[in-house]
Amino acid sequence: MKYSNNDIVKAIRNYAKAYRQLEKIQDEYNCKDNPQPIIRIPKGDQKTGVAGEFYGRLVLAKILEGVSDSDVQIGGNHSEKGFDLIVTRNNQEEYYQVKTVSEYSRTKMTTPLHTATNSGRTINGVLFILLNVDFVSGKFHFIQDMSKLKDKNGKSMATKSLWNLPNIKKFRWNNNDLILE
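In my numbering, the protein residues as written are 482 to 662.
If you want it as structure tokens, here you go:
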């Protein structure tokens, strides 16, 4: 079965709705006024990264010169540290990380950054994504100069201050396309 981008966005919207419901449950049951909550669900969720990689693929196809949607593939797996997206440009593979946080995150901390893949290939850039609570809009910041991040290798990164920089761009899903603002 082949899924369209709209099918994926519909699933992401449903996920955002479920995420909001879980946040409400977590806030109500895990509060200090409830010493014996029925359930304990930790705050935050790694599924945010799935939505981030989907949007990251579309963002890179729009901002990288000479790259189309079909040139950007979600690559790697949970054991392949260092990259999330593979871009094929001029018959060469380029490797990019996507670091996603959502408005639900209090700390806006990323997972650890990597400047190379497990096999030693250099990362070509990092795309930071902040998802709004609807998970179909947000902001992004793209860094291709990896020397700016060399001291961050293997470390998580606080992104709170990143979202106020002047070169931050916004995105939103509209019908069949990702719109950059």
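Heads up, the beta-carbon is just placed ideally off N, CA and C, and yes, glycines get one too.
Nearest-angstrom beta carbon gap, residue j and residue i [assumed within contact, 8 Å]
i: Gln625; j: Gly601; result: Not really, about 19 Å apart at Cβ, beyond 8 Å.
i: Val553; j: Leu659; result: Not confirmed; about 12 Å, so no contact.
i: Phe652; j: Tyr536; result: 7 Å
i: Thr591; j: Met638; result: 5 Å
i: Thr596; j: Leu630; result: 7 Å
i: Thr529; j: Val582; result: 7 Å
i: Ile493; j: Phe616; result: 5 Å
i: Leu594; j: Asn634; result: 6 Å
Sheet register partners of residue i (DSSP bridge)
i: Phe623; result: Leu608
i: Ser583; result: Leu612
i: Met482; result: Beta-bridge pairing links Met482 to no other residue.
i: Tyr500; result: Beta-bridge pairing links Tyr500 to no other residue.
i: Phe652; result: Gly619 and Leu661
i: Arg570; result: Gln573
i: Thr603; result: Ala597
i: Met590; result: Ala639
i: Ile555; result: Leu566
i: Asn634; result: Leu594
Nearest-angstrom Cα separation, counted from residue j out to residue i
i: Asp508; j: Arg587; result: 13 Å
i: Asp550; j: Leu643; result: 27 Å
i: Asn486; j: Phe609; result: 21 Å
i: Lys636; j: Met482; result: 39 Å
i: Glu662; j: Leu503; result: 30 Å
i: Ala532; j: Thr569; result: 21 Å
i: Gly547; j: Asn571; result: 9 Å
i: Phe623; j: Asn495; result: 27 Å
i: Ile544; j: Tyr585; result: 27 Å
i: Lys589; j: Asn613; result: 12 Å
i: Ser618; j: Trp654; result: 6 Å
i: Gly556; j: Ile506; result: 34 Å
i: Asp526; j: Thr598; result: In this prediction, Asp526 has a pLDDT of 49, which is less than 50 and means its spatial position is unreliable; what the coordinates show is noted afterwards. Cα to Cα, Asp526 sits roughly 24 Å from Thr598.
i: Thr640; j: Arg538; result: 20 Å
i: Ala542; j: Asp488; result: 19 Å
i: Phe564; j: Gln573; result: 15 Å
Status (buried if at least 16 other CB within 10 Å, exposed otherwise) for residue i
i: Leu566; result: buried
i: Arg521; result: For Arg521, the predicted structure reports a pLDDT of 49, less than 50, and the residue's modelled location is therefore unreliable. The matter cannot be settled from this model.
i: Glu534; result: buried
i: Ser628; result: exposed
Cutoff 9 Å: residue i Cβ touching any chain D Cβ
i: Ser549; result: Structure shown: chain D not included; a single protein chain is present.
Exercise. Is the number of C-beta pairs between the segment 571 to 578 and the segment 495 to 502 that are closer than 8 Å three or more?
Worked result: no
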